[in-house]
Amino acid sequence: MRSVRWSRAGLLIPAWVAIAFLLVPLVALVLKADWTGMPAQLAKPSVVPALRLSLVTTSAALVICAVLGTPLAWLLARSTHRVTPWLRALVTVPLVLPPVVGGVALLMAYGREGVVGRTLLEVAGWSIPFTPVAVVFAETFVALPFYVLAVEGSMRGLDIRYDGLAATLGASPWRTFRTVVVPMVAPGIASGSALAWARALGEFGATITFAGNFPGRTQTAPLAVYVALESDPQAAIALSLVMLLISVLILGALRGRWLR
Amino acid sequence: MRPQTGRIRPAASAFAARVAALAVAALALAGCSAAAGSQAKAPTRHTVVVLAASSLTESLTAIAKDFEASHPGTDVQLSFAASSTLVSQVNQGAPADLIAVAGTSSMGPLEKSRIATDGIRSMAANTLEIATPPGNPGTVNAIADLSRPTLKVVLCAATVPCGKAAAKALKAAGVVAHVVSYETDVKATLAKVQLGEADAAIVYHSDVVSAGRWIHGVQIPASVNQTLDYPLIRLTSDPTTAEFMTYVLSDQGRKRLRDNGFLTP
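Residue numbers (my numbering), protein chains in the order written: chain U, 1 to 260; chain V, 1 to 265.
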């Protein structure tokens with residue numbers, strides 16, 4: 001009996017330490033905020049454009065993740081080709097890559113002097129760095145692997161016989177994908193979207209490296225927090241709280257609907 | 001003014017420039033983490049922890065190396081970032097023995113209680129200069145050219161000393177630069193030019209000198225240029241720190257600073 005209680009405590013104590021470790025900084029952020037001055041902080045010229053840019057670019061990144069990532073997840077889940085595991089490992093690389101390295105890599109690829117970017121500039125006259133498009137690129141680059149892994153996980157859990165059944169009823173692979181696979185993995189798509197969106201919202205290193213930092217154009221909320229921290233800590237805290245609130249609301253909404 | 005002959009650059013040197021810029025980015029990143037982490041002091045080695053403005057990267061690295069070679073058993077740990085970042089790190093209790101910042105106004109927010117008695121010395125001075133990629137693809141010949149809308153100009157953020165100084169110089173010259181990005185420190189600003197992504201940046205003369213042939217410098221006239229004094233501030237009474245401080249201010253130290261484009265007394 002005694003030993004059972006002790007072993008229970010041995011598990012519960014680290015669990016509570018983990019909870020405290022994760023929650024103490026968030027509580028500190030709330031405690032350190034100047035609540036009476038909050039409306040004035042949020043009305044500052046750097047805050048609203050940063051939040052708006054973050055919402056617009058992360059939404060765009062999420063749409064790209066869903067449009068490109070869902071078929072990629074399907075490919076990885078269904079393909080039995082021997083290169084598939086290698087492909088899966090490769091698309092996971094941006095997940096473990098330090099974001100600033102991702103930013104340098106994006107510059108090497110799509111920068112004005114980059115492998116693809118140079119041609120883009122010469123042929124179409126497009127220059128991607130320092131634009132909101134560059135922000136979307138950076139966010140998609142870091143968020144897509146999260147989306148693909150989450151959706152692929154739930155697609156692999158899906159019984160492949162559904163596909164076969166749909167095929168015997170005359171459905172094309174596209175129709176099977178659209179009417180059978182996607183609806184059945186909706187919870188996976190929802191949690192993948194939440195993860196990818198949260199990762200995109202928090203994106204800092206790749207953004208500042210590839211897109212730069214210009215208010216209203218490439219200065220997303222995390223960049224604005226970083227820049228404000230030195231000159232105006234209360235504005236940085238206010239903006240951090242808004243981001244915390246948005247994250248909690250989105251996760252809460254997802255949890256209610258899909259993530260039981 | 002010399003005629004522009006297009007952008008002819010061997011592929012190998014372009015690659016080397018990128019690798020150099022990558023190293024700068026890695027160094028900046030290492031700087032962040034080194035200052036944030038706690039420095040364990042080995043009992044047998046005399047360690048001096050120095051936080052320095054990013055413009056001092058090349059010169060202080062060389063000085064520290066010289067010092068370690070001539071003073072066996074010492075270890076100088078350097079961390080480079082924007083002066084404003086370093087000052088807020090010290091105010092929040094980052095363990096450091098010395099801090100060197102760009103411009104006397106940068107040490108304004110530094111808590112006076114953290115400065116050792118009689119601990120402030122002027123180590124060098126720096127001026128501003130326009131940096132362009134080699135070959136000057138945007139044909140920038142004067143500060144007034146920075147207002148051209150076809151040009152991509154990168155400046156330091158207004159929170160860091162080089163950004164404040166650049167804003168003053170532009171204002172004095174009556175120029176509204178066509179800015180595409182405000183970077184968090186002077187080396188990040190320079191890196192954007194070094195990578196060829198920006199056509200011009202306002203950095204320090206020392207950065208142009210340290211970058212050597214990877215950067216082309218365009219003078220800013222003295223009438224609008226800004227001069228920043230670099231205070232070296234002692235935060236502890238540790239004897240090795242005092243020794244290192246004396247070394248930085250010695251002829252050998254000042255020579256390194258001058259070699260990298262700083263003005264010394």
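Yeah, the Cβ is synthetic: ideal placement off N, Cα and C, and Gly gets one too.
In the DSSP assignment, C156/V forms a beta bridge with E183/V. Exclusion of the five residues before and after A198/U leaves S247 as the residues of its chain whose Cβ lies within less than 7 Å of its Cβ. As a beta-bridge residue in DSSP terms, G217/V pairs with A131/V. Spatial neighbours of S206/V in its own chain (CB-CB distance under 6 Å, excluding positions within 5 residues in sequence) are listed in chain order as S55, N126, N260, G261, F262.
As a beta-bridge residue in DSSP terms, H46/V pairs with T74/V. Cα atoms of A40/U and L53/U: separation of roughly 20 Å, rounded to the nearest angstrom. Excluding the 5 residues flanking it on each side, K32/U has same chain C-beta neighbours closer than 8 Å at I237, in chain order. With a cutoff of 8 Å on beta-carbon distance, G188/U and G212/U are scored as not near each other. Selection M123/V, K112/V, G135/V, I63/V evaluated against Q194/V yields G135/V as nearest (Cα-Cα).
Using a Cβ-Cβ cut-off of 8 Å, S54/U does not count as an interface residue toward chain V, since no Cβ of chain V sits closer than that to its own.
Contact between V160/V and A82/V holds, with the beta-carbon distance rounding to 4 Å and staying under 8 Å. Using beta-carbon distances, S46/U does not count as an interface residue toward chain V, since no partner is under 8 Å. At a cut-off of 8 Å, the C-beta of T264/V has no neighbouring C-beta in chain U. Under the Cβ distance rule, S250/V does not count among the residues neighbouring chain U, no pair being separated by less than 8 Å. L190/V sits close to A131/V, with the two beta carbons spaced by under 8 Å. Close to chain V, meaning a Cβ-Cβ distance shorter than 8 Å, is no residue of the region 135-154 of chain U at all. Scanning the region 31-96 of chain U from its first residue to its last, the whole alpha helix (DSSP H) runs of 4-plus residues come out as 38-42, 47-78, 84-96. Taken atom to atom, the span from the alpha-carbon of D185/V to that of F80/V is near 10 Å. Looking at the backbone, the Cα of S127/U and that of I208/U are separated by about 16 Å.
The CB of S231/U comes closer than 8 Å to the CB of S84, A158, T159 in chain V, given here in chain order. Spanning the alpha carbons of W214/V and R258/V requires a straight line of approximately 19 Å. CA-CA distance, T47/V to F244/V, rounds to 10 Å. Contact between L29/U and L241/U holds: CB atoms are separated by about 6 Å, below the 8 Å threshold.
Where P161/V is concerned, there is no enclosing beta strand (DSSP E), although the alpha helix (DSSP H) around it starts and stops at 161-173.
Closer than 8 Å to the CB of G212/V there is not a single CB belonging to chain U. From the listed residues H71/V, P265/V, G196/V, the smallest Cα separation to M108/U is found for G196/V. Inside the region 136-177 of chain U, DSSP marks whole alpha helix (DSSP H) runs of 4 or more residues at positions 161-168, 173-176, from first to last along the chain.
In the DSSP assignment, L249/V falls within the unbroken alpha helix (DSSP H) covering 239-249.
In the structure shown, A177/V falls within a coil segment according to DSSP collapsed to helix, strand and coil.
At a cut-off of 8 Å between beta-carbon atoms, G202/U makes no contact with chain V. Shown here, I233/V sits in a strand according to DSSP, grouped into three states. For Q92/V, the number of other beta carbons within 10 angstroms of its own is below 16, and it is reported as exposed. When CB distances to chain U are screened at a threshold of 8 Å, the residues of the region 139-154 of chain V falling below it are K152, V154, in chain order.
At least one CB of chain U lies nearer than 8 Å to the CB of K192/V. In this structure the region 112-126 of chain U does not lie against the region 220-229 of chain U, because fewer than three pairs of beta carbons, one per stretch, are closer than 8 Å.
Chain U has no Cβ within less than 8 Å of the Cβ of G163/V.
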